[in-house]
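Inspection log for the structure reproduced underneath, given as structure tokens.
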Amino acid sequence: MGEITRYGDGSRWADMVVHRGTAYWVEVADDPQRDTDGQIAQVLEQIDATLCRLGANRSDLLQVLVYLADLSDGPLLNRQWDAWVSPGAPPVRACVQAGLSPGYRVEMVITAAVSTATGDR
Amino acid sequence: MGEITRYGDGSRWADMVVHRGTAYWVEVADDPQRDTDGQIAQVLEQIDATLCRLGANRSDLLQVLVYLADLSDGPLLNRQWDAWVSPGAPPVRACVQAGLSPGYRVEMVITAAVSTATGDR
Amino acid sequence: MGEITRYGDGSRWADMVVHRGTAYWVEVADDPQRDTDGQIAQVLEQIDATLCRLGANRSDLLQVLVYLADLSDGPLLNRQWDAWVSPGAPPVRACVQAGLSPGYRVEMVITAAVSTATGDR
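Residue numbers (the working numbering), protein chains in the order written: chain A, 5 to 125; chain B, 5 to 125; chain C, 5 to 125.
Rendered as structure tokens:
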């Protein structure tokens, strides 16, 4: 079904998949050696980079599911998130604690809208 | 990308986002002082209210991801859920235990269909 | 809103829901008596069966959210996953540890593309 566009060249997972104007992807920090604040910052930067690649921006985010290794990091998340998210156009968000791979502090599952002209070829 | 409709006026997250005929939102009990049964009841009521706002109903639910603070509350969930869900037209459902914010017993991530005439402006 | 197609005859949840060319479903092993490897194998077989029912295949998978009862089972998952997933066309994947019902080792939440000719009636 040719309407799926995939990004990334991994064999285990795609970096991003676009289908019918909706983009799906997952982010963890490229550098899990960073502390929690550093990983949150990096994940948000990576989301920005992916949105840019789609010709989209933060106001195109539809849903973000956040998994924290320790829910007591919620205030750290919120401090950066509140400064980062599009004012007046935030996505839906869930945030729960779940077990992540060793060293990882945060994982985000993202759904975003893309225009048919760019991402949904 | 103007085809996104957001509900709610929060700066951290939207109450609901509608894109291309699909609505996305997250519910926790408005009153986390309630016990588990009370929180489940309230979350289901809140879903009803959101569906109503969309001009939709329970048979329009596509997927519900349930996070319970304690999976042993599953029978409490099921008792209310089974009486609540649309007979013959239930959504897909996953239910796992995850860490929730203090006091919260249940969190649900909802995906629903909306007609283009109402929610997907 | 008549554009939803449901599969399954359960009253608690649908086996699968299709809406606007996107299929949503959740899998756990039909036989939770199996060990972890056996449950992973069975869940992947069940996904294949569901894709077949949709007239789709593994390259139509958009997103798979994996919940493991024990994240140290990740290598077992990856060994089977890597051999199973469509070469060159893997889905987006998240994998976290969450509490599952007694006996269950793995639960997957799947999103896939279906052609309008088959699943999205």
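No residue lacks a Cβ here, since even glycine has one placed at the ideal position from N, Cα and C. Here the structure is a predicted model, which is why all the values come from computation and not from measurement.
Kindly indicate the opening and closing residues of the alpha helix (DSSP H) around residue i.
i: V47 of chain B; result: T40 to R57
i: L81 of chain A; result: G78 to W88
Just to confirm, is the Cβ distance from residue i to residue j under 8 Å?
i: V118 of chain A; j: V22 of chain A; result: yes
i: R104 of chain A; j: V100 of chain C; result: For clarity, residue 104 of chain A is Leu in the given sequence; the question names Arg instead. Result yes, Cβ atoms of L104 of chain A and V100 of chain C sit closer than 8 Å.
i: A53 of chain B; j: A102 of chain C; result: no
i: A149 of chain B; j: A116 of chain B; result: Outside the shown range of chain B (5 to 125) lies residue 149 of chain B, about which nothing can therefore be said.
i: V110 of chain C; j: Q43 of chain C; result: yes
i: E31 of chain C; j: M112 of chain C; result: yes
i: Y108 of chain C; j: R57 of chain C; result: no
i: A45 of chain A; j: Q84 of chain A; result: yes
i: I51 of chain A; j: I114 of chain A; result: yes
Terminal residues of the continuous beta strand (DSSP E) containing residue i?
i: R10 of chain A; result: I8 to Y11
i: W29 of chain C; result: T26 to V32
i: Y71 of chain C; result: L65 to L72
i: R97 of chain A; result: V96 to Q101
i: A116 of chain B; result: V110 to A117
Pull up the CB-CB distance for residue i and residue j, whole angstroms please, since I reckon it's below 8 Å.
i: G59 of chain B; j: R24 of chain C; result: Not a contact, Cβ separation roughly 17 Å.
i: L72 of chain C; j: R62 of chain C; result: About 20 Å; that fails the 8 Å criterion.
Examine chain E for any beta-carbon lying closer than 8 Å to the beta-carbon of residue i, and answer yes or no.
i: S105 of chain A; result: Of the chains in the structure shown, none is chain E; the protein chains are A, B and C.
- Task: Would you check if there are 3 or more beta carbon pairs closer than 8 Å linking the stretch 75-86 of chain B to the stretch 58-70 of chain A?
- Result: no
- Query: Is the stretch 13-24 of chain B touching the stretch 85-97 of chain A, taking contact as three or more C-beta pairs under 8 Å?
  - Reply: yes
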